[in-house]
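Report on one structure; see the data block that follows.
Numbering (the numbering used here), first residue to last: -18 to 60.
What follows is the structure, encoded as structure tokens:
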């Protein structure tokens, strides 16, 4: 309806219905601000495309290496 290319939302607001609808529309979901490594891994497992974080050092290296993490602590660079 809005022609969105991505959907950015608070990680606390993500639910399976939202993820399914976004996936059906071909819209990747990106969550902010995720500073917990377990939460980041759980979000990726559920289908979230990327997360924004203030603590890139806490995010599992595999997720960061996949380019799915944006580090707010250094001006928004992707790691």
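Note that the Cβ used here is the ideal one computed from N, Cα and C, for glycine as well.
- At a Cβ-Cβ threshold of 9 Å, residue 32 and residue -8 count as neighbours.
- Relative to residue 3, the option among 21, 19, 18 and -16 whose CA is nearest is -16.
- No Cβ-Cβ contact shorter than 9 Å links residue 39 with residue -5.
- Secondary structure of residue 25 (DSSP, three-state): helix.
- Judged by DSSP in its simplified three-state form, residue -4 adopts coil rather than helix or strand.
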